[in-house]
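Here the protein sequences come in this chain order: A and B.
Position 104 of the first sequence, counting from 1, maps to 104 under our numbering, and the rest follow consecutively.
Position 44 of the second sequence, counting from 1, maps to 44 under our numbering, and the rest follow consecutively.
Cβ atoms here follow ideal geometry from the backbone N, Cα and C, with glycine treated the same way.
Reading through the structure tokens given below for one structure.
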Amino acid sequence: SQTIHQWPATLVQPVGSPLSLECTVEGTSNPNLYWYRQAAGRGLQLLFYSVGIGQISSEVPQNLSASRPQDRQFILSSKKLLLSDSGFYLCAWGLAGRSSYEQYFGPGTRLTVT
Amino acid sequence: AQSVAQPEDQVNVAEGNPLTVKCTYSVSGNPYLFWYVQYPNRGLQFLLKYITGDNLVKGSYGFEAEFNKSQTSFHLKKPSALVSDSALYFCAVRDITQAGTALIFGKGTTLSVSS
Numbered sequence: 001s002q003t004i005h006q007w008p009a010t011l012v013q014p015v016g017s018p019l020s021l022e023c024t025v026e027g028t029s030n031p032n033l034y035w036y037r038q039a040a041g042r043g044l045q046l047l048f049y050s051v052g053i054g055q056i057s058s059e060v061p062q063n064l065s066a067s068r069p070q071d072r073q074f075i076l077s078s079k080k081l082l083l084s085d086s087g088f089y090l091c092a093w094g095l096a097g098r099s100s101y102e103q104y105f106g107p108g109t110r111l112t113v114t
Numbered sequence: 001a002q003s004v005a006q007p008e009d010q011v012n013v014a015e016g017n018p019l020t021v022k023c024t025y026s027v028s029g030n031p032y033l034f035w036y037v038q039y040p041n042r043g044l045q046f047l048l049k050y051i052t053g054d055n056l057v058k059g060s061y062g063f064e065a066e067f068n069k070s071q072t073s074f075h076l077k078k079p080s081a082l083v084s085d086s087a088l089y090f091c092a093v094r095d096i097t098q099a100g101t102a103l104i105f106g107k108g109t110t111l112s113v114s115s
């Protein structure tokens with residue numbers, strides 16, 4: 001069966017510090033991968049998605065970036081955090097192709113920027 | 001533009017009563033619709049989906065959803081609510097403008113089931 005991991009679970013960082021959140025998927029190959037941000041327990045905002053290694057699509061202009069160095073690894077980064085970057089960050093995966101379209105989510109990372 | 005709307009921020013029901021969480025959608029072409037549930041400080045869990053076929057879709061934990069094309073709705077239902085069903089529920093639609101099958105989520109509805 002497939003499993004998705006995210007770490008860390010919680011993070012408190014000062015404004016201006018760098019960020020690296022990691023997501024890995026087990027039990028599947030060539031998944032589509034996604035980063036979402038959820039503010040105030042509501043509304044998911046798609047940040048980035050990837051359909052393959054090195055292929056990143058950005059949905060929202062911001063000071064965040066994403067990378068996919070390996071097939072089942074997805075990393076969210078920032079060089080300098082802003083207060084507005086606080087939120088709950090969720091990674092998700094989905095099957096490539098047209099067989100199904102649901103996504104499966106990781107446990108999330110709670111980021112607080114102080 | 002494609003979108004989903006969840007008109008209720010909160011739904012309150014008593015345990016044992018039927019529950020409905022509403023969702024309406026606006027898409028070009030055939031809709032691919034989903035329901036997810038989120039417990040506090042947890043990731044989203046997939047409940048069910050409608051791609052094609054029978055308008056009544058059955059999913060996890062006794063939930064079902066009814067697809068209604070004429071009303072552009074995809075309401076989530078359960079015949080008998082449990083206290084443990086209390087959570088945040090999201091409706092979503094596949095974004096056909098994206099190559100990566102991204103989903104567009106509604107703003108969520110908080111379900112509160114009282115004992």
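Taking 8 Å as the threshold, the shortest C-beta distance from F105 of chain B to chain A falls below it. Remark: C-beta atoms of G106 of chain A and G108 of chain B do not approach each other more closely than 8 Å. Taking C-alpha positions only, S28 of chain B is separated from S73 of chain B by approximately 14 Å. Among the residues of chain A, those whose CB is under 8 Å from the CB of Y32 of chain B are Y101, following chain order.
Counting along the chain, the unbroken beta strand (DSSP E) around I75 of chain A starts and ends at 73-78. Between Q6 of chain B and I104 of chain B, the C-beta gap is not smaller than 8 Å, which leaves the two residues out of contact. Chain B has no Cβ within less than 8 Å of the Cβ of R72 of chain A. In the DSSP assignment, F74 of chain B falls within the beta strand (DSSP E) that extends over 73-78. In this structure the stretch 70-82 of chain A does not touch the stretch 82-90 of chain B; the number of beta carbon pairs closer than 8 Å is below three. One Cα belongs to L111 of chain A, the other to S1 of chain A, and the distance between them is close to 29 Å. Residue burial is scored here from C-beta neighbours: S114 of chain B has fewer than 16 other C-beta atoms within 10 angstroms and is therefore classed as exposed. Chain order gives no chain A residues near G53 of chain B, where near means a beta carbon separation below 9 Å; the closest approach is about 13 Å.
For F105 of chain B, the uninterrupted beta strand (DSSP E) segment begins and ends at 103-105.
According to the DSSP secondary-structure assignment, N68 of chain B is paired through a beta bridge with B:S73.
Positions of the alpha helix (DSSP H) runs, each at least 4 residues long and wholly inside the stretch 23-87 of chain A, cannot be given because no such run exists. Taking K58 of chain B as the centre and dropping the five residues before and after it, the same chain places the C-beta of L48, E64 closer than 8 Å to its C-beta, in chain order. Leaving aside the five residues that flank S26 of chain B on each side, the residues in its chain whose CB is nearer than 6 Å to its CB run, in chain order, S3.
V21 of chain B is positioned such that its CB atom lies closer than 8 Å to that of H75 of chain B.
Each residue's CA atom was taken as its position, placing V60 of chain A and F48 of chain A some 8 Å apart. Within the DSSP secondary-structure output, L82 of chain B pairs in no beta bridge.
Within chain B, the residues placing a beta-carbon under 9 Å from that of Y104 of chain A are G43, L44, Q45, F46, ordered along the chain.
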